[in-house]
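Quick note: the sequence shown uses the numbering used here, first residue 14, plus one each step.
Inspection log for the structure reproduced underneath, given as C-alpha cells.
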Amino acid sequence: MDTEEIEHDIELISEWPVTQDAEPLFKGSFKADKNLQDKPNGAEVDSKRSIDNSNEFMKRSSNYKRSIEVPILDFQLKRRKYSGEKENLANTALAKWWRRNQSQCGTEDTAAVKGCHPHTLIKMIARSPAGKQFISDEIQRLRKQLIQGSALADVHAALGSFLEKQGDIIEAIYHLENAVKGDPDEKEYKWLLQKLKRILKIKTIQEEGLQRVQPGVEFPSNKQVERRSANDLTVEDFYHNYECTSTPVIITNVQMTRVPWTLNHVKEIAGNCTVTLKKPVKQSVEWARLENSLTVQVSTYINQIINNKMDDPLYLFDWSLPINCPPLAEELTIPKYFAGDFLQRTKEGSLYKDSWPSLFVAPEGITSELHVDAFGSNFWMALFQGKKRWVFFPQSDVPYLYPEYEHSLDPVFAVDLSKPDLTRYPLLQLTTPMECVLEPGDVLFVPAGCPHRVENLETSVAISSNFVDQSNLNLVRQELKINALIDIRSEELLQQFNDENFNDKMDLHIQDKVFCKYKYVKN
Ligand SMILES: O=C(O)CCC(=O)C(=O)O
Ligand SMILES: [Fe+2]
C-alpha cells in the first residue's frame, strides 16, 4: 500500500462514527494491559475470515498484510486500489449523518452499543426512528435526482443501497443493475448487487416456507451427531460419507499432541504473547456476535480464568497459532482427514494460508452465536479441555433461521436459539437441528455452509481450522468470486484455485501429518 492509499483509507475511516477502541464496554475486574494497547501494526492478528466491504475492514486487512512477514507475491505489484465502502452508499452516508446529528437521535439502542463495532452501531442507527427518517428522506431526494434526469450510476447505487435498508429488495436490485450498467468498473456495485440477489433468494424461500408453517408446532428436537473412532474410519470413508454428504461427525481416538494442552501448558508456551480478546455483544452484526475487546498477555488472561476472576466473560477466540505462536503450532499433529488442506497448497502469504490452526480458550458460559463459516470453508475443532455444546443446521435451513446481511455475506441470525420464539420466527419449525456436546479428545467436523452455535458449558481449550478440499472447492470458488469484488487477497486466492496447474486432487492415502510437514507441502 502506498502512502496515498493509506491516507485515503484513513480519511474514509474517520467518517465512521466510532473507532473500535474508543471506549471498551467491559467493566469487570479484568484490566487491559495498558502497555499493550498501542501496539504498532497490531502485533497479533485476527485470523477470522469475514470479508466485508467497509473502510474499517480495509484498514484491518492492510494491517493484516503488514503484520505477517511474508515475501511479497509478484502479483502484489499490480494491486488495484479498492476504496472500501463507497462514500455515496448508505452506510457511509448514515455514518456521516450520525456524526452531525447524533445529539438528536440518542436512542436507547444506540446508547446500548456505544463503544461497539462501527458496523453494529450503523445497524442500530439505521433502525432508530431518526435513522429511518433520514433513510426515507434520502430515498426521496435520490428519486427526485433521477426524475430530474441525472441517471448517474452513483445515484442509482446510492438509491439502491438506501432501499435495501428499507427492505425494498426488488427495487434495490433494479437500481443496482442500472448502477452496474452505468459503471461496469465499479466492483463494489457488483458486490452489492450479489448481496441483494442473495437476500432476494432467501426471501423467496421464506415466503414459500411460510405456506408450510403449521399452527402450534414446537421447535424440532435436536438429532444427535454420529461418533466414529479414527481406528475404523478411513480418509475415503470420511470423504464420501461425511464431507460429500455434508454430515457433521465427531471423530474419537485421534492423537494430536504429545503433551496434554491444558490451560497451564498453553500459558507456559504462549504466556508472553499478546491477544485481543472477544466480548459477546447482543446486537452485534460481527462474526458470531463477538467483537474485539481488550488486548492482554495470554498469561494474564489464563490466570484470570484459573482464578475465576472474570466478572464479564471474554473469549480467546480463533487466535492463529502459525501467526501468533509458532512454537505451540509446531507441537501439533494434524489428523489425516484434514491434513490435505488445499490452503496449504497455495503460495506463501496467500489469504488464509497461515490463519489456522487457531486456539480457543473460553470461560464457562460464553457463547459463539449462530453463524456460518466464511468463504464456503469446511471446519474441524479438537477439544482438549472442558465441554462445548454445538447446535448445527443444514445449509438449506439458512432462510428459516432469519439471516441478516449487513456489511458482508457472512450473516448474523435474528433468532435467539437460547429461547427459540416460534411466534415471532415461525419458520424455525421447518429447521432440522443437530446437536452434540464435545468432550476432551473429540474432533468435530462441520461441513461447509452449515449454520452453527457453540456454548461453552465449562472452561474450555480447543483448536480449530477451516479448510478446503475437493468436497468444497467449488463452493469456495463461488464465494471467493464474490469476495474478490471487494478484496484483493480473495482475488489472488481465487486465481490460484482457478489455475489449471493447481493440484485439486485429494490424496485418500494421506496419513496424519506433524505440523511442519502439513504446512510445507509440495504442490
Ligand atoms: O467454539 C466456538 O466458540 C466457535 C467456533 C467456530 O464456530 C468458529 O470458529 O467458526
Ligand atoms: Fe464457526
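The beta carbon of each residue, even a glycine, is placed where N, CA and C say it ideally should be.
Computed from a predicted structure; not experimentally measured.
How many angstroms separate the CA atom of residue i from the CA atom of residue j?
i, j, result
"K526", "T436", "49 Å"
"P131", "L165", "29 Å"
"A45", "D520", "Because the pLDDT of A45 is 44, which lies under 50, any placement of that residue in the model is unreliable, and the number read from its coordinates should be weighed accordingly. Going from the Cα of A45 to the Cα of D520 covers about 46 Å."
"Q219", "K194", "30 Å"
"C463", "S163", "44 Å"
"Q179", "E231", "31 Å"
"E201", "V450", "41 Å"
"S149", "D325", "39 Å"
"I135", "I186", "21 Å"
"K40", "P293", "Residue confidence is low: K40 scores 29 on pLDDT, short of 50, so the model does not pin down where it sits. Its coordinate-derived value is still stated next. When rounded, the distance between both Cα atoms is 13 Å."
"T242", "I215", "At residue 242 the sequence reads Ser, which differs from the Thr that was named. If you take the alpha carbons of S242 and I215, they lie about 38 Å apart."
"V83", "Y415", "With a pLDDT of only 30 at V83, under the threshold of 50, the placement of this residue in the model should not be trusted, and no figure is reported."
"L486", "I499", "20 Å"
"F426", "V404", "14 Å"
"N114", "E98", "21 Å"
"D11", "V428", "An answer regarding residue 11 cannot be provided, because it is not within the stretch 14 to 536 covered by the chain."
"S116", "A192", "34 Å"
"E344", "H169", "54 Å"
"P439", "V385", "21 Å"
"Y252", "I160", "57 Å"
"Q158", "T217", "31 Å"
"H188", "F175", "10 Å"
"S484", "F147", "46 Å"
"A461", "N254", "14 Å"
"I495", "K322", "44 Å"
"I212", "I476", "33 Å"
"K518", "F510", "12 Å"
"C257", "L102", "40 Å"
"E452", "P273", "14 Å"
"S363", "V411", "29 Å"
"F392", "H522", "20 Å"
"V474", "I318", "11 Å"
"S591", "G144", "Because the chain is modelled from 14 through 536, residue 591 falls outside the range shown and cannot be assessed."
"K532", "S141", "48 Å"
"L470", "K208", "35 Å"
"N320", "N235", "35 Å"
"K349", "A497", "30 Å"
"P376", "K291", "12 Å"
Please look up how many angstroms separate the CB atoms of residue i and residue j, rounded, as I've assumed it's under 8 Å.
i, j, result
"G389", "E468", "The Cβ separation is near 25 Å, so there is no contact."
"V481", "D367", "Actually they do not touch by this definition, with Cβ atoms about 14 Å apart."
"E382", "R271", "The Cβ separation is near 35 Å, so there is no contact."
"V279", "V374", "7 Å"
"T346", "Q268", "7 Å"
"L206", "E184", "Between E184 and L206 the Cβ distance is about 13 Å, and since that is not below 8 Å, they are no contact."
"E281", "V262", "Contact flag wrong, Cβ pair sits at about 32 Å."
"R358", "V534", "6 Å"
"S371", "W332", "5 Å"
"V288", "Y328", "V288 to Y328, Cβ: 10 Å. No contact."
Taking 6 Å as the cut-off, is the CB of residue i close to at least one heavy atom of ligand 1?
i, result
"S484", "no"
"S381", "yes"
"V467", "yes"
"F373", "yes"
"D331", "yes"
Could you check whether the Cβ of residue i sits closer than 7 Å to any Cβ belonging to chain C?
i, result
"Q158", "Within the model displayed, chain C is absent; a lone protein chain is all it includes."
| Residue list, Cβ distance to ligand 2 heavy atoms smaller than 6 Å | Near ligand 2, meaning a Cβ closer than 6 Å to any of its heavy atoms, lie the following residues in chain order: H384, D386, F392, H465.
| Runs of alpha helix (DSSP H) wholly within the segment 315-393 (minimum 4 residues, chain order) | 334-337, 339-342
| said: Going residue by residue through the segment 174-222, where are the continuous alpha helix (DSSP H) segments of at least 4 residues, counting only ones entirely within it? | reply: Those alpha helix (DSSP H) runs which fall completely within the segment 174-222 and span 4+ residues are 182-195.
| query | What are the uninterrupted segments assigned as alpha helix (DSSP H) that are 4 or more residues long and contained completely in the segment 443-512, given in chain order? | reply | 486-496, 501-511
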